[in-house]
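Enquirer: Would you mind keeping the following structure in view while I ask a few things?
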Amino acid sequence: MLKVTNTLTGEKETFQPLNPPQVKMYVCGPTVYGDIHIGNARSQVNFDTIRKYLIYAGYQVEYVVNITDVDDKIIKIALDEKRNAKEVAETYINAFFEVMEKLGVQKADLHPKATEYIKEMVELISGLVEKNHAYVVPSNEFGKDVLYDSRSFQPYGKLSGKNLEELMEGARVERNESKRNPTDFVLWKAAKPGEPMWDSPWGKGRPGWHIECSAMARKLLGDTIDIHGGGVDLIFPHHENEIAQCEAYTEKTYVRYWLHNGFIEISGQKMSKSLGNIWKAKDALAEFRPEVLRYFFLSAHYRSGLNYDREILEAAKRGWEEFNLTFQRIEDAMAGPDGNSPMDLLELRLSIDEVEVKFKEAMDDDFNTPQAMAALFDLAREARRVLSQSAQPTAGAKSLLAEALEKLNKLGGLIGITSAQRVSVPKEVEELAQTRIRLKTEKKFKEADEIRAQVLALGFTIEDVKGGQYRILPKK
RNA sequence: GGCGGCAUACCCAAGUGGUUAAGGGAGCGGUCUGCAAAACCGCGAUUCGGCGGUUCAAAUCCGCCUGCCGCCUCCA
Numbered sequence: 140m141l142k143v144t145n146t147l148t149g150e151k152e153t154f155q156p157l158n159p160p161q162v163k164m165y166v167c168g169p170t171v172y173g174d175i176h177i178g179n180a181r182s183q184v185n186f187d188t189i190r191k192y193l194i195y196a197g198y199q200v201e202y203v204v205n206i207t208d209v210d211d212k213i214i215k216i217a218l219d220e221k222r223n224a225k226e227v228a229e230t231y232i233n234a235f236f237e238v239m240e241k242l243g244v245q246k247a248d249l250h251p252k253a254t255e256y257i258k259e260m261v262e263l264i265s266g267l268v269e270k271n272h273a274y275v276v277p278s279n280e281f282g283k284d285v286l287y288d289s290r291s292f293q294p295y296g297k298l299s300g301k302n303l304e305e306l307m308e309g310a311r312v313e314r315n316e317s318k319r320n321p322t323d324f325v326l327w328k329a330a331k332p333g334e335p336m337w338d339s340p341w342g343k344g345r346p347g348w349h350i351e352c353s354a355m356a357r358k359l360l361g362d363t364i365d366i367h368g369g370g371v372d373l374i375f376p377h378h379e380n381e382i383a384q385c386e387a388y389t390e391k392t393y394v395r396y397w398l399h400n401g402f403i404e405i406s407g408q409k410m411s412k413s414l415g416n417i418w419k420a421k422d423a424l425a426e427f428r429p430e431v432l433r434y435f436f437l438s439a440h441y442r443s444g445l446n447y448d449r450e451i452l453e454a455a456k457r458g459w460e461e462f463n464l465t466f467q468r469i470e471d472a473m474a475g476p477d478g479n480s481p482m483d484l485l486e487l488r489l490s491i492d493e494v495e496v497k498f499k500e501a502m503d504d505d506f507n508t509p510q511a512m513a514a515l516f517d518l519a520r521e522a523r524r525v526l527s528q529s530a531q532p533t534a535g536a537k538s539l540l541a542e543a544l545e546k547l548n549k550l551g552g553l554i555g556i557t558s559a560q561r562v563s564v565p566k567e568v569e570e571l572a573q574t575r576i577r578l579k580t581e582k583k584f585k586e587a588d589e590i591r592a593q594v595l596a597l598g599f600t601i602e603d604v605k606g607g608q609y610r611i612l613p614k615k
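Yeah, the first sequence ends on 615 if you go by the working numbering, and it's all consecutive.
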């Protein structure tokens, strides 16, 4: 039975979607004003993993990840770079998808862009005005602003655990004097010259950020969705405001389960432009394989903070390589002739039988990926133990190894930490390795070592394996 | 100031009332090896930030303290 931690209640709850086996899931995607950083990437990987697990668990998941393509920052960059906002957005939308693809994050069923749902936003805002949850204030010659009246929605603050009075007191400098309450937020803002703008009952303008998600989620998934995800920083005000907008309008529960992922921290602090410690996902990918990044992301629970530092990622890299090598070694062993010396296979048999159970138990417990990974490592270790018993496993051992491989591929693939294809070895390197083996059997070690150095220069490492065999790996 | 989270071995990180406190990395010892590397085997927290309390039993629940972090403004 799947349990998830719901930010709304702060409790780990049994997951019961509104209309099983359907699961409607919405996750806040990027605002496309720049390259995403590894924190954004982690969030998408986490929710991608959750989505895939839900599907594996038998749910029919409708998954939506929005793209905010109209926003102050996009407009600012467009002005700075003398491009139009749409071009800027497109550039970074492409960059986003490129990174996602590399990371093995499957595309959502829908990736709505805010600018394509202006009509729905206007409709929602109009409804809120009619119901006296929003009010219109004069702004400039283009039109008026529309603000949400946070006091009109009694449960305001229920997600973030804040109460209005405290928020009032704690509120910082008020920028907009037309607000009735400091916690009111903009639903629609009048355009400024040179900015993207759309027609509305309040003149030309553009939507506020919070209304975008509300409108798109409602339009695409319905009034009540099962899971809404995002980073912890979105709890307030973004998700709080989404609730206020939708529930005031529909008078129905907007989201059944709120899931929030923790931050990646750099030297114990969040990434931020002001600290200058942003690490872009594309830069991380230039240095580490996608599987290594996934391994790193999933090595901590999605709700926890995840500390990054170079050594930690290097350790993840070594850990992943070790794990991944198991696959190659199993394949190699199976390709060889059957052996006939008896082998001890009991532990592997047991491990194969329990791996999926352990994996599911872990994932059913609020998507405990570190524990799920441990289950896979246990099986990988048993497989390696069997492999180490003989360079030529018996037919019986091979069939068990094949089973183990299948499990590892299936479950590891689900969370995206199993390898991509093996690295292809150039023919030249292959031939050199063969030559080296021959020289070795002739005891011409000096020459053999020279070849090893030569191959290393070509970017590959030769490792000897029992029984006069060898293995070629990419240089570490 | 308000709200929330975290503190587990050298590092990362599970575990939230009851067998020997997962797993990974690093380290050390051993086996193997022409050498190297890799691999495999073994070792590694009597202890879970500190102090009290509840309980037959706590890393796990409660209280206090200390430290770190996040949110309260755009932010994954």
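From the three backbone atoms N, C-alpha and C, an ideal C-beta is built for every residue, glycine too.
Might you give, ordered along the chain, the residues of its own chain that have their beta carbon closer than 6 Å to the beta carbon of R610, omitting 5 neighbours on each side?
Expert: As a first step, residue 610 is located in the first sequence; it is residue number 471 there, counting from the start. For R610, where only same-chain residues beyond five positions count, the Cβ hits under 6 Å are E602 and V604.
Enquirer: If you drop the 5 nearest sequence neighbours on each side, which residues of the same chain put their C-beta closer than 8 Å to that of T144?
Expert: Reading the first sequence from its first residue, position 5 is the one you call residue 144. E150, K151, E152, L398, R442 and D505, listed in sequence order.
Enquirer: Are there 16 or more other CB atoms within 10 angstroms of the CB of G415, so buried, or fewer, so exposed?
Expert: In the first sequence, residue 415 corresponds to position 276, counting from 1. The residue in question, G415, is exposed, as its Cβ has fewer than 16 Cβ neighbours within 10 Å.
Enquirer: How long is the line joining the alpha carbons of E521 and S490, rounded to whole angstroms?
Expert: To locate residue 521, count along the first sequence from 1; it is residue 382. To locate residue 490, count along the first sequence from 1; it is residue 351. Cα to Cα, the separation comes out at about 7 Å.
Enquirer: Thinking S299 and F375 are a contact (beta carbons under 8 Å), I'd like their distance in whole angstroms, please.
Expert: Locating residue 299 in the first sequence gives position 160, counting from the first residue. Locating residue 375 in the first sequence gives position 236, counting from the first residue. The pair is a contact, with the Cβ atoms about 4 Å apart (cut-off 8 Å).
Enquirer: By the three-class DSSP mapping on this structure, what secondary structure does I364 have?
Expert: In the first sequence, the residue the question calls residue 364 occupies position 225. Three-state result, I364: strand.
Enquirer: So what does DSSP say about K497, is it helix, strand or coil?
Expert: The count along the first sequence starts at 1 and reaches residue 497 at position 358. Helix, per DSSP.
Enquirer: Going by alpha carbons, who is nearest to F235 out of K497, G168 and G478?
Expert: In the first sequence, the residue the question calls residue 235 occupies position 96. Among K497, G168 and G478, the Cα nearest to that of F235 belongs to G168.
Enquirer: Which of the three DSSP states, helix, strand or coil, is assigned to R311?
Expert: Taking the first residue of the first sequence as position 1, residue 311 is located at position 172. Only weak support is given to the placement of R311: the predicted model assigns it a pLDDT of 48, under 50, and the value that follows is read from those uncertain coordinates. Looking at R311 - three-state DSSP - the assignment turns out to be coil, as it is neither helix nor strand.
Enquirer: In the DSSP assignment, the alpha helix (DSSP H) including D211 goes from what residue to what residue?
Expert: Residue mapping note: residue 211 aligns to position 72 of the first sequence, counting from 1. D211 to D219 is the span of the alpha helix (DSSP H), which, as asked, contains D211.
Enquirer: Whole-angstrom Cβ separation of V238 and T207, contact assumed at under 8 Å?
Expert: Here residue 238 refers to the residue found at position 99 of the first sequence. Here residue 207 refers to the residue found at position 68 of the first sequence. 16 Å between Cβ atoms; not a contact.
Enquirer: Quick check on Q183: buried or exposed, where buried means 16 or more other Cβ atoms within 10 Å of its Cβ?
Expert: Here residue 183 corresponds to residue number 44 of the first sequence, with the count starting at 1. Counting Cβ neighbours within 10 Å, Q183 comes out buried, since at least 16 surround it.
Enquirer: Classify L485 as buried or exposed, calling it buried when 16 or more other Cβ atoms lie within 10 Å of its own Cβ.
Expert: For the purposes of this step, residue 485 is taken as the residue at position 346 of the first sequence. Classification of L485: exposed, given that the 10 Å Cβ count is below 16.
Enquirer: Under the rule that 16 or more other beta-carbon atoms within 10 Å means buried, what is D477, buried or exposed?
Expert: Taking the first residue of the first sequence as position 1, residue 477 is located at position 338. Exposed, because fewer than 16 other Cβ atoms sit within 10 Å of the Cβ of D477.
Enquirer: Hey, would you say A383 sits closer than 8 Å to Y165, going by beta carbons?
Expert: Counting from one through the first sequence, the residue named residue 383 turns up at place 244. Counting from one through the first sequence, the residue named residue 165 turns up at place 26. Not in contact: A383 and Y165 (Cβ atoms no closer than 8 Å).
Enquirer: Would you say the beta carbon of K297 comes nearer than 7 Å to a heavy atom of the ligand PLP?
Expert: Among the ligands in the structure shown, none appear at all, so the ligand PLP cannot be discussed.
Enquirer: Since S147 and K297 are thought to touch, with beta carbons under 8 Å apart, how far apart are those beta carbons, to the nearest angstrom?
Expert: Walking along the first sequence from the start, residue 147 turns up at place 8. Walking along the first sequence from the start, residue 297 turns up at place 158. Sequence inspection shows Leu at residue 147; the Ser mentioned does not correspond to that position. L147 to K297, Cβ: 7 Å. Contact.
Enquirer: For I451, count neighbouring C-beta atoms within 10 Å of its own C-beta (all shown protein chains included) and say buried if the count is 16 or more, exposed if not.
Expert: Position 312 of the first sequence, counted from the start, is the residue given in the question as residue 451. Result: exposed.
Enquirer: With distance defined between alpha-carbon atoms, name the residue in D422, R457 and K412 nearest to V431.
Expert: Walking along the first sequence from the start, residue 431 turns up at place 292. V431 has its Cα closest to that of R457, out of D422, R457 and K412.
Enquirer: By the three-class DSSP mapping on this structure, what secondary structure does L141 have?
Expert: In the first sequence, counting from the first residue as 1, residue 141 sits at position 2. Note: L141 maps to coil in three-state DSSP.
Enquirer: If you measure between the beta carbons of G555 and R433, is that distance less than 8 Å?
Expert: Working through the first sequence from its first residue, we reach residue 555 at position 416. Working through the first sequence from its first residue, we reach residue 433 at position 294. Closer than 8 Å, so yes.
Enquirer: Assuming I417 and Y447 make a contact with CB atoms under 8 Å, what is their CB distance in whole Å?
Expert: Numbered from 1 along the first sequence, position 278 holds the residue referred to as residue 417. Numbered from 1 along the first sequence, position 308 holds the residue referred to as residue 447. The pair is not a contact, with the Cβ atoms about 12 Å apart (cut-off 8 Å).
Enquirer: Take E240 as the anchor and find which of K421, A596 and V496 has the nearest alpha-carbon.
Expert: As a working mapping, residue 240 is identified with position 101 in the first sequence. Considering only alpha carbons, the answer is K421.
Enquirer: Does DSSP classify F154 as helix, strand or coil?
Expert: Position 15 of the first sequence holds residue 154. Coil.
Enquirer: For the segment 426–458, which segments carrying the alpha helix (DSSP H) assignment without a break, of at least 4 residues, lie completely within its bounds, in sequence order?
Expert: List check, alpha helix (DSSP H) in window: 429–437.
Enquirer: Please name the residue, chosen from A228, A596, K582 and N185, that lies closest to G369 on a Cα-to-Cα basis.
Expert: Here residue 369 corresponds to residue number 230 of the first sequence, with the count starting at 1. Comparing Cα-Cα distances from G369 to each of A228, A596, K582 and N185, the minimum goes to N185.
Enquirer: Given Q528, which residues of its chain have a CB within under 6 Å of its CB, disregarding the five upstream and five downstream residues?
Expert: Taking the first sequence and counting its residues from 1, the one referred to as residue 528 is at position 389. If we look at Q528 and ignore the five residues flanking it on each side, its Cβ neighbours are M482.
Enquirer: Return the bridge partner residues of P277 from the DSSP annotation.
Expert: Position 138 of the first sequence, counting from 1, holds the residue named residue 277. Bridge partners of P277: K283.
Enquirer: What span of residues does the beta strand (DSSP E) with G633 cover, start to end?
Expert: The structure shown does not extend to residue 633, since the chain spans only 140 to 615, so no value can be given for it.
Enquirer: According to DSSP, is V525 part of a helix, a strand, or is it coil?
Expert: Along the first sequence, one-based indexing puts residue 525 at 386. If DSSP states are grouped into helix, strand and coil, V525 belongs with the helices.
Enquirer: Using 8 Å as the threshold, is the C-beta distance between A354 and E259 below it?
Expert: Start at 1 with the first residue of the first sequence, and residue 354 comes out as number 215. Start at 1 with the first residue of the first sequence, and residue 259 comes out as number 120. Yes; because the gap between Cβ atoms is below 8 Å, this pair is in contact.
Enquirer: Could you check the C-alpha separation between W337 and I214 for me, to the nearest Å?
Expert: Against the first sequence, residue 337 aligns to sequence position 198. Against the first sequence, residue 214 aligns to sequence position 75. Going by the C-alpha atoms only, they are around 15 Å apart.
Enquirer: Where E570 and E470 are concerned, what is the direct C-alpha to C-alpha distance, given to the nearest angstrom?
Expert: Indexing the first sequence from 1 puts residue 570 at position 431. Indexing the first sequence from 1 puts residue 470 at position 331. Answer to the nearest angstrom: the Cα atoms are 21 Å apart.
Enquirer: Mapping the DSSP letters down to three states, classify Q573 as helix, strand or coil.
Expert: Taking the first residue of the first sequence as position 1, residue 573 is located at position 434. If DSSP states are grouped into helix, strand and coil, Q573 belongs with the helices.
Enquirer: What residues in its chain sit with their C-beta under 7 Å from that of A439, if we drop five residues either side in the sequence?
Expert: In the first sequence, counting from the first residue as 1, residue 439 sits at position 300. Closer than 7 Å at the Cβ level, and outside the excluded window around A439, lie L445 and P509.
Enquirer: DSSP on F599, reduced to helix/strand/coil?
Expert: The count along the first sequence starts at 1 and reaches residue 599 at position 460. The answer is strand: DSSP assigns F599 an E or B state.
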